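Shown next, in structure tokens, is the structure this report addresses.
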Amino acid sequence: MTKLRVKWVKSSIGYPKDQKATIQALGLRKLQHTVEHNDQPAVRGMIRKVSHLVQVEEIISETL
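Listed below in structure tokens is the structure:
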């Protein structure tokens with residue numbers, strides 16, 4: 882299963898409320914906060930909406 886590591890790197894001050902809500906929906910609370918999510922289309926859509934505010938890294942985990 883592929884996971885996505887999302888890190889909030891730029892402040893959402895001055896951006897629309899829907900983008901601030903998307904940051905919260907991703908589970909990000911403070912700048913430089915990092916969370917991991919399963920790679921799903923809904924999560925990809927949220928990341929695309931705030932791609933200018935976050936940094937994304939794919940994590941490929943091997944299961945035995």
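To convert a position in the sequence shown, counted from 1, into our numbering, add 881. Note that the Cβ used here is the ideal one computed from N, Cα and C, for glycine as well. Every value quoted in this text rests on a predicted model; they were computed, and no experiment measured them.
- Residue state for Lys884 is assigned as strand, using DSSP reduced to three classes.
- Under the three-pair Cβ rule at 8 angstroms, the region 912-921 does not count as touching the region 895-902.
- As the crow flies, the alpha-carbon of Leu885 is around 20 angstroms from that of Ser892.
- Per DSSP, reduced to three states, the secondary structure at Ile894 is coil, with no helix or strand assignment.
- If you compare the alpha carbons of Val937, Arg929, Asp920, His918 with that of Lys888, the shortest gap goes to Val937.
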